[in-house]
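There are 2 protein chains.
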Amino acid sequence: MNDGDKTETSRNCFTCQSRGRTEWCVLTDDELALVDQGKISRQYLPGDVIFHEGDECHGVHCIESGLIGIRKMDAAGNEILLRLNHPGDTMGYRSFLAGNDHNNSAEALEPSVICLVGGGTVRSLLEKNPTLGLRFLKHAAKDLDDAEEKVLQSTTSPVRARFAHLLLVLKDRYGVTDEDGALDLELPLSRQDMAAMIGIRPESMSRTIRSFEEDDIAHFSGRRVHVARIEDLILELEHSTEL
Amino acid sequence: MNDGDKTETSRNCFTCQSRGRTEWCVLTDDELALVDQGKISRQYLPGDVIFHEGDECHGVHCIESGLIGIRKMDAAGNEILLRLNHPGDTMGYRSFLAGNDHNNSAEALEPSVICLVGGGTVRSLLEKNPTLGLRFLKHAAKDLDDAEEKVLQSTTSPVRARFAHLLLVLKDRYGVTDEDGALDLELPLSRQDMAAMIGIRPESMSRTIRSFEEDDIAHFSGRRVHVARIEDLILELEHSTEL
DNA sequence: AGGCCGCCTTGACCTCGGTCAAGTGCCTGC
DNA sequence: GCAGGCACTTGACCGAGGTCAAGGCGGCCT
Numbered sequence: 286m287n288d289g290d291k292t293e294t295s296r297n298c299f300t301c302q303s304r305g306r307t308e309w310c311v312l313t314d315d316e317l318a319l320v321d322q323g324k325i326s327r328q329y330l331p332g333d334v335i336f337h338e339g340d341e342c343h344g345v346h347c348i349e350s351g352l353i354g355i356r357k358m359d360a361a362g363n364e365i366l367l368r369l370n371h372p373g374d375t376m377g378y379r380s381f382l383a384g385n386d387h388n389n390s391a392e393a394l395e396p397s398v399i400c401l402v403g404g405g406t407v408r409s410l411l412e413k414n415p416t417l418g419l420r421f422l423k424h425a426a427k428d429l430d431d432a433e434e435k436v437l438q439s440t441t442s443p444v445r446a447r448f449a450h451l452l453l454v455l456k457d458r459y460g461v462t463d464e465d466g467a468l469d470l471e472l473p474l475s476r477q478d479m480a481a482m483i484g485i486r487p488e489s490m491s492r493t494i495r496s497f498e499e500d501d502i503a504h505f506s507g508r509r510v511h512v513a514r515i516e517d518l519i520l521e522l523e524h525s526t527e528l
Numbered sequence: 286m287n288d289g290d291k292t293e294t295s296r297n298c299f300t301c302q303s304r305g306r307t308e309w310c311v312l313t314d315d316e317l318a319l320v321d322q323g324k325i326s327r328q329y330l331p332g333d334v335i336f337h338e339g340d341e342c343h344g345v346h347c348i349e350s351g352l353i354g355i356r357k358m359d360a361a362g363n364e365i366l367l368r369l370n371h372p373g374d375t376m377g378y379r380s381f382l383a384g385n386d387h388n389n390s391a392e393a394l395e396p397s398v399i400c401l402v403g404g405g406t407v408r409s410l411l412e413k414n415p416t417l418g419l420r421f422l423k424h425a426a427k428d429l430d431d432a433e434e435k436v437l438q439s440t441t442s443p444v445r446a447r448f449a450h451l452l453l454v455l456k457d458r459y460g461v462t463d464e465d466g467a468l469d470l471e472l473p474l475s476r477q478d479m480a481a482m483i484g485i486r487p488e489s490m491s492r493t494i495r496s497f498e499e500d501d502i503a504h505f506s507g508r509r510v511h512v513a514r515i516e517d518l519i520l521e522l523e524h525s526t527e528l
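As given, the protein sequences belong to chains A and B, one line each in that order. Residues in the first sequence are numbered from 286 upward in steps of one, following the working numbering. Residues in the second sequence are numbered from 286 upward in steps of one, following the working numbering.
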């Protein structure tokens, strides 16, 4: 919560390394210039909060680099990690478009550079270029899919299956698969945060890891994970019912 | 699954009783005429399936009347009821826009009349009238909110709280609140389906109902529910942690 | 160095909700 | 009328995961 040490930086949308991955890639140069003018760029350190649940929504955040966790809390103070956002992802477009306050919070998990594109800018771009709206729509559609999938999982699958699923998802971005089906994974998350992602307590996370070790499904040392046979993880998924 | 007895009917978008509630209300008369031509209207009986998970998505469904349940199933055959859709709601816009197959299924819970607006029609309308896209976007934003809320609830709240929450949601549409805080509710759902909505088994639903009766929180007879003090339901929500 | 703090692990215990099996009441079809 | 089916309820049992309390381990501070 050290809101003080966020450093303003001056970046350029045209040279942004993540440009190709953003929704903004459908914009013309003129339109992109608008974004470039209307944005504020900032650096965040791990633990820094980009916005809080309940904060007023002033525009849309675009991740240039780093890793962001989207968290949501309930009345009782239980917190879960809804998803991870990566360079090129746009955050907060949803609350912005719906005209709501933010309904979840965003926290840097790694040192990150994030641009805030002001509300006025976004609105005028949406008018100028309807394709942009459709891009956001597709994005929302995907997020919705993921969320519904997660609802289903969290009520029907046991913890082992959910954890296996998490590892398989992380594999795509953080894993290296070698030719004979073995997998090496460098986790971007603490155990606590992994627990928060599948909606369990840290203690249960520890126990689940241990049980994977005991069953020789995966081996953990710090944030490095080695899985000898990926199929074992996939098997875990179906293990919800022991057919 | 009696796909045979779906009756085709001939309805008119201009006189549709639900018109004002749909996303389509932003259309001009000309555009609406397009929808009217390009639609196929059908009647469904309770239990009839409008579309299945995995079905190809040919367009967008619009509910004229009735009640639809959106279900999703996992690999092990566990099914949950993600949400209810009412007259004026549009279904399947998401898979359609994302270009995917349907990723959940829709089943009539009451006799319903539903129009299918063909993909071509929708696409050309989106081009003609960008506002329509923004309406869908807002809709998606709300669905996403609800879904994320549900993820949180299903991992953090105990069954009693989730059930209380469900009753409070149903209240808005199916309840009558009298002056002194008492609530009468006519449930649109079977116990099984209520169980599916909060991700539990029918047996647990029964037990939860009984425990509400024993605590004098609510009284059930068939699908009629009487709640003497709504505050009791609200209290249940926070009861996740006994502060 | 020593001490502190946060992350992680472990064990003992308990509870909520799932599972299995049986029983009831209602509705439909013969 | 009776039989079968389905939604719902109930009881007995059990196990996954939460809770509480106690350490271990490493990083960072003075």
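Yeah, the Cβ is synthetic: ideal placement off N, Cα and C, and Gly gets one too.
At a CB-CB cut-off below 7 Å, which residues of chain B make contact with residue i?
| i | result |
| --- | --- |
| alanine 432(A) | Leu429, Ala432, Glu433, Val436 |
| serine 439(A) | Val436, Ser439, Thr440 |
| aspartate 333(A) | Simply none; closest approach about 22 Å. |
| proline 415(A) | Pro415, Gly418 |
Do you know how far the Cα of residue j is from the Cα of residue i?
| i | j | result |
| --- | --- | --- |
| arginine 458(A) | alanine 503(B) | 49 Å |
| phenylalanine 497(B) | leucine 367(B) | 24 Å |
| alanine 513(B) | arginine 476(A) | 45 Å |
| glutamine 328(B) | proline 396(B) | 7 Å |
| methionine 358(B) | glutamate 364(B) | 4 Å |
| glutamine 438(B) | serine 390(A) | 17 Å |
| aspartate 463(A) | aspartate 517(A) | 15 Å |
| leucine 455(B) | isoleucine 485(A) | 29 Å |
| isoleucine 519(B) | asparagine 414(A) | 45 Å |
| threonine 416(A) | threonine 307(A) | 13 Å |
| isoleucine 355(A) | aspartate 500(A) | 32 Å |
| leucine 470(B) | aspartate 478(B) | 16 Å |
| glutamate 316(A) | threonine 440(A) | 44 Å |
| isoleucine 483(A) | arginine 492(A) | 14 Å |
| cysteine 298(B) | histidine 371(B) | 17 Å |
| aspartate 465(B) | histidine 524(B) | 23 Å |
| methionine 490(A) | glycine 377(A) | 29 Å |
| alanine 318(B) | cysteine 400(B) | 14 Å |
| threonine 300(B) | isoleucine 335(A) | 48 Å |
| proline 487(B) | aspartate 321(B) | 42 Å |
| phenylalanine 421(B) | glycine 404(B) | 15 Å |
Can the beta-carbon of residue i be found closer than 8 Å to that of residue j?
| i | j | result |
| --- | --- | --- |
| valine 407(A) | glycine 305(A) | no |
| leucine 472(B) | valine 510(B) | yes |
| glycine 351(B) | alanine 393(B) | yes |
| aspartate 418(B) | leucine 419(A) | A small fix is needed here, since residue 418(B) is glycine in this sequence, not aspartate. Yes; because the gap between Cβ atoms is below 8 Å, this pair is in contact. |
| valine 444(A) | glycine 323(A) | no |
| alanine 361(B) | arginine 379(A) | no |
| histidine 450(B) | leucine 522(B) | yes |
| alanine 432(A) | glutamate 433(B) | yes |
| cysteine 347(A) | histidine 387(A) | no |
| valine 398(A) | glutamate 349(A) | yes |
| leucine 429(A) | aspartate 428(B) | yes |
| serine 303(B) | glycine 373(B) | yes |
| valine 436(A) | lysine 423(B) | no |
What residue range is occupied by the uninterrupted beta strand (DSSP E) comprising residue i?
| i | result |
| --- | --- |
| glycine 344(B) | 344-350 |
| valine 512(B) | 509-512 |
| arginine 368(A) | 364-370 |
| valine 398(B) | 397-403 |
| serine 390(A) | 390-393 |
| arginine 304(B) | Taken as a continuous stretch (DSSP letters only), arginine 304(B) belongs to no beta strand (DSSP E), as it is neither H nor E. |
Can you pull the chain A residues whose beta carbon is under 8 Å from the beta carbon of residue i, in chain order?
| i | result |
| --- | --- |
| asparagine 389(B) | Glu433 |
| isoleucine 365(B) | Val436, Leu437, Thr440, Thr441 |
| leucine 382(B) | Leu419, Leu422, Lys423, Ala426 |
Going by alpha carbons, who is nearest to residue i out of the options?
| i | options | result |
| --- | --- | --- |
| isoleucine 515(A) | Leu468(A), Ser506(A), Asp478(A) | Leu468(A) |
| leucine 410(B) | Leu312(B), Thr300(B), Ser303(B) | Leu312(B) |
| proline 331(B) | Ile353(B), Cys400(B), Gly384(B) | Ile353(B) |
For the alpha helix (DSSP H) that residue i lies in, which residues bound it at each end?
| i | result |
| --- | --- |
| valine 444(B) | 444-459 |
| arginine 492(B) | 487-499 |
| alanine 534(B) | This structure does not reach residue 534(B), given that chain B is present from 286 up to 528, and the question cannot be answered. |
| arginine 379(A) | 378-383 |
| histidine 504(B) | No alpha helix (DSSP H) contains histidine 504(B), which is instead part of the beta strand (DSSP E) from 504-506. |
Against residue i, what residues of chain A qualify as contacts under a CB-to-CB distance less than 9 Å, listed in chain order?
| i | result |
| --- | --- |
| lysine 357(B) | Glu433, Glu434, Val436, Leu437 |
| proline 396(B) | Those do not exist, as proline 396(B) stays about 26 Å from chain A at its closest Cβ, beyond 9 Å. |
| glycine 484(B) | Val436, Leu437, Ser439, Thr440, Thr441 |
Give the interface partners of residue i over in chain A, defined as CB-CB distance under 7 Å, in chain order.
| i | result |
| --- | --- |
| phenylalanine 421(B) | Leu422 |
Taking 7 Å as the cut-off, is the CB of residue i close to at least one heavy atom of the ligand SAH?
| i | result |
| --- | --- |
| alanine 318(A) | With respect to the ligand SAH, the structure offers nothing, as it holds no ligand at all. |
Using a Cβ cut-off of 8 Å, pull out every chain B residue sitting near residue i, in sequence order please.
| i | result |
| --- | --- |
| leucine 522(A) | Ala360 |
Taking Cβ-Cβ distances shorter than 9 Å, what residues in chain B pair up with residue i?
| i | result |
| --- | --- |
| arginine 458(A) | In chain order: nothing, as chain B lies at least about 21 Å away. |
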